[in-house]
Each structure stands twice: as C-alpha cells, then as structure tokens.
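Heads up: the structure comes next, in structure tokens.
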Amino acid sequence: MPISVVTGGAGFLGSHLTDRLLKEGHQVLAIDNLITGNERNLDHLNGNAKFRFLRHDVTQFIAVEGSVDFVFHFASPASPIDYLELPIQTLKVGSLGTHNALGLAKVKGAKFLLASTSECYGDPLVHPQKEDYWGNVNPIGPRGVYDEAKRFAEAMTMAYHRYHGVDTKIVRIFNTYGPRMRLRDGRVVPAFIGQALKGEPLTIFGDGKQTRSFCYVSDLIDGIYRLSQADFHEPVNIGNPLELTILEFAERIRNLTGTKSEMVRKPLPVDDPQQRRPDITRAEKLLGWEPKVALEDGLRETIRWFQTNLDSPARK
Ligand code: UDP
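In terms of my numbering, the sequence shown opens at residue -16 and continues consecutively.
Structural data, given as structure tokens:
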C-alpha cells in the first residue's frame, strides 16, 4: 500500500487530494500548520486507520518516520487576500517549505509533486497560456510574494530532479472552485456566492472585463492524480479552458442563486491579471485528461455546500 504525505492537507485542495489518495488505497499523512487550512476539512476522516494528521509548519524540518512513497507539496496561502496578509509566510513556504518537502522526498526515495500555479504566468502576454510561456510577473508587486515563491519552487523542484534524480512532477493549477473553499478567503467564487446568498452586492473589481477560467475541484484532483502516475517532469497545466469575464461570471452566480443582489464596483487589485485561460493540450495528450464537470453543475454543488456552511462559526 503506497504511503503519501500531503503538505497543506487541511486546505481546500490538500483535503480533496487526501480523499482521492485514500480512495486509491494510499495511506496518507496530512501535514498543515492551519494558518489558512482548517481541520474541519478532515473531520470526516476521524477514525480512518489509513489517515493521520500532523500539525506542523513545513518551513521547519519535516520529520516523518518510516517509508514514504509520494510527497505532494500543497502547503501555501493561495488567495490574493491571504498572501497579502501573510507575505513572509507565503515566500517561506514556497522556498523553505519546498526545500524541506523535496528533502523529505529525496531521503525517502519518494516521488514528489509540486502544486504550482497559473500565477507563474503573471499578467500573461500570451493567450491562452501554454507551459512553454515564461510569464510576465512583477517581482516586487504585492502578488510577487506568491508568484515568485512558486517560480522559485518550480526551479528548486527541477534542480532536485536534475541534480539529485528525484522523480518530480509539477502541476500548474488554474482557478479552481468547489466545496471546502473558505467563505472569506477573498477569491471570487466564495465572495460572489456568499454575497449572493446573503443578498449583499456582488463586488466587481475594476470593470469586470478581466477573464478567468474555472475548474471544478473533482476534475482538478483527477488531473493531479493522473500526473502523479505519469513519467513526466516538466510543468503541466490543469484547469478548465472555458473562459468568462468576471461580469459574465457574476451573472451566472446571480442566475443560479436567484439572488436580487446588485453589482458594485471596487478598485482593481494591483497587478490583477487581465486574462487567464489554460492551454491543456499537454494534459490531454500526456494524461488523457480533460475537465468533465460543466460550470453550472459545479457551481450548483458549490452553492449547495455554502448554503449549509454559511454560518458555521468554525469556518474562517
Ligand atoms: N474579483 C472580483 N470580486 C471579488 C473577488 C475577485 O471582481 O470579490 C476578481 C479579481 O479582481 C480577479 C478575479 O475576480 O480578476 C479572480 O480573483 P481571485 O481572487 O478569485 O483569484 P485570482 O485569479 O486573481 O488569483
């Protein structure tokens, strides 16, 4: 039975990945310092003998006893608000945390998968984004703490692959949504759904003409699981190529929730990318993967989840 370590295991993606790995017959050790993760995301695994949780900050040495077959490095603040509030932690987990997670993989002879990001492309000048595009990132802007940490993490991962021969993989994750997102993490999906359900105005940043492409979490996790099994070491985009403006997206949320919420304009955050859509040709060819869940279906599921979790005091 394979043994996997998932850093950031109590987060949105880390907890869904943990569920998938357990389903695939892995034993899982989830590690999280809970600064943006939430133990509630793992509550349903209490009593599962194949699952363990360790509260630990992976920027410190990661000590794990026994053998490990896979290290999935998912620990990081991941919403613009979070990394603006936690700039040093974001830089540290992408750099020191990635170094420690790679060191763990090396000493255990484990495979390693890095959760990287479409933010590596910055405010892209090439559209849609292919993996061979080097990006347009402002290193000293407010988003630079996340973008550059992840770019460093990719460089460190390739160095461990080339120099130490560690079997590494890199996934570049595009905007993803689904149950277990934090209501107040500032990202557009929980923000709009929360506002719509409470009858508050939907906050459109800038003119709302900037675009994003939203992938449902089960599709994303399936792509990541497939990549973990593949013999490929360069980055692979995983995301949904359906591209919408933020205004169009707000309209979808209004229709699906039936809210009477108006829209209000707020200033566009600094360096907010104008357009984003993954080119997923590489994932299609290499992994036989493409997203399956239609936006309406995924959003319905997510809205249903937020309806039952909206007022939960434990949900940050
Ligand atoms: N956005 C918005 N209103 C909000 C939150 C976000 O208009 O309440 C916009 C934001 O400016 C960006 C897009 O939605 O253009 C996606 O933002 P998010 O924070 O979800 O993630 P990003 O893709 O920027 O990392």
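From the three backbone atoms N, C-alpha and C, an ideal C-beta is built for every residue, glycine too. All values derive from a computational prediction rather than experimental measurement.
Could you give the DSSP three-state label for residue i: helix, strand or coil?
i	result
Gln10	strand
Asp280	helix
Pro173	helix
Arg35	strand
Gln290	helix
Pro296	Only weak support is given to the placement of Pro296: the predicted model assigns it a pLDDT of 44, under 50, and the value that follows is read from those uncertain coordinates. It is coil, neither helix nor strand.
Glu226	strand
Gln258	coil
Asp205	helix
Ser(-13)	strand
Asn24	helix
Arg145	helix
Asp15	strand
Thr194	strand
Gln178	helix
Gln43	coil
Ser(-2)	helix
Arg126	coil
Ala233	helix
Val253	coil
Thr242	coil
Glu131	helix
Ala61	coil
Do residue i and residue j have their CB atoms nearer than 8 Å?
i	j	result
Ile64	Asp130	no
Phe53	Lys89	no
Ala13	Gly30	no
Phe289	Ile176	yes
Val276	His(-1)	no
Leu270	Leu203	no
Trp304	Gly206	Because the chain is modelled from -16 through 299, residue 304 falls outside the range shown and cannot be assessed.
Ser101	Arg283	no
Thr1	Ala58	no
Thr105	Pro218	In the sequence under discussion, the amino acid at residue 105 is Gly, which differs from the Thr named in the question. No, they are not a contact pair.
Ile286	Leu239	yes
Val51	Lys91	yes
His144	His82	no
So residue i and residue j are in contact, right, with Cβ under 8 Å, and what is the actual spacing, rounded?
i	j	result
Asn158	Ser196	6 Å
Ser78	Ala179	Not confirmed; about 38 Å, so no contact.
Glu68	Cys103	That belief does not hold up - the Cβ atoms of Glu68 and Cys103 are roughly 22 Å apart, past 8 Å.
Val76	Val(-12)	About 15 Å separates the two Cβ atoms, so there is no contact after all.
Pro60	Gln43	17 Å between Cβ atoms; not a contact.
Residues bridged to residue i by DSSP?
i	result
Tyr160	Tyr199
Pro218	Ile153
Lys94	Phe53
Asn119	Gly105
Arg248	Ile187
Thr100	Ile156
Gln112	Pro261
Taking residue i as the reference, which of the options has the closest Cα?
i	options	result
Val11	Tyr143, Gly222, Phe55, Thr140	Phe55
Glu114	Ile229, Asn292, Gly124, Ile153	Ile153
Phe188	Pro122, Pro252, Leu269	Pro252
Arg265	Lys192, Met164, Leu185, Pro111	Pro111
Pro301	Glu231, Gly222, Leu293, Glu279	Outside the displayed span of the chain (-16 to 299) sits residue 301, for which this structure offers no information.
Ala84	Asn220, His39, Ala61, Val128	His39
Leu227	Thr194, Arg237, Ala233	Thr194
Ile123	Val219, Pro70, Asn16, Leu225	Pro70
Leu97	Leu25, Asp255, Gly80, Asp280	Gly80
Ser62	Arg155, Asn220, Val171	Val171
Ala233	Ala174, Pro224, Leu4, Gln257	Ala174
Gly281	Arg35, Leu166, Pro162, Pro125	Pro162
Leu278	Lys249, His216, Tyr160	Tyr160
Pro274	Asp214, Cys198, Tyr66	Cys198
Ile229	Thr242, Val247, Lys33, Ala213	Val247
Tyr146	Tyr66, Lys133, Gly86	Gly86
Asp15	Gly(-3), Pro250, Asp254, Asn292	Gly(-3)
Under a CB-based cut-off of 8 Å, is residue i close to chain D?
i	result
Pro107	Here there is only one protein chain, and chain D is not present.
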